[in-house]
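Participant: Got a structure here, written out as structure tokens. Questions coming.
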Amino acid sequence: MPKAISITAAPPGWFSVFKDTEGTFEQPVALWALMEDEDNPAMRWPTSYSTAADDPMSLNHPDDEDANFVGHVYRMPAS
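Laid out in structure tokens, this is it:
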């Protein structure tokens, strides 16, 4: 089972990309996390937690656990 060993706030401009039957959509990344497999501590990977306006539980699970997760994109914030 994975566990988060380090969490940090995501800088503005990062989005997680998901797909559904209508195409792809993006959610803002709120947190970056370094995950570790409890059974194999040498196995570590980065992941994100994104916010979804219609899902208050969205921060309870990392994005890469969602079967519809595609990846990440960075969009330069307007200044």
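Here the sequence shown is numbered in my numbering, starting from 32 and rising by one per residue.
Beta carbons: idealized from backbone N, C-alpha and C, even for Gly.
1. Note down, in chain order, each residue of its chain lying with its Cβ closer than 8 angstroms to the Cβ of residue 99, except the 5 sequence neighbours on either side.
2. If distances are taken between C-alpha atoms only, which option among 73, 97, 86 comes closest to residue 79?
3. Using only CA atoms, which one of 35, 87, 60 lies nearest to residue 45?
4. Compare the Cα-Cα distances from residue 110 to each of 43, 62, 58 and report the closest residue.
5. Could you please give the first and the last residue of the uninterrupted beta strand (DSSP E) stretch that includes residue 98?
Facilitator: Once the coordinates are examined:
1. 49, 50, 51
2. 97
3. For residue 45, the nearest C-alpha among the options comes from 60.
4. The candidate whose alpha carbon is nearest that of residue 110 is 43.
5. No beta strand (DSSP E) holds residue 98; DSSP gives it neither H nor E.
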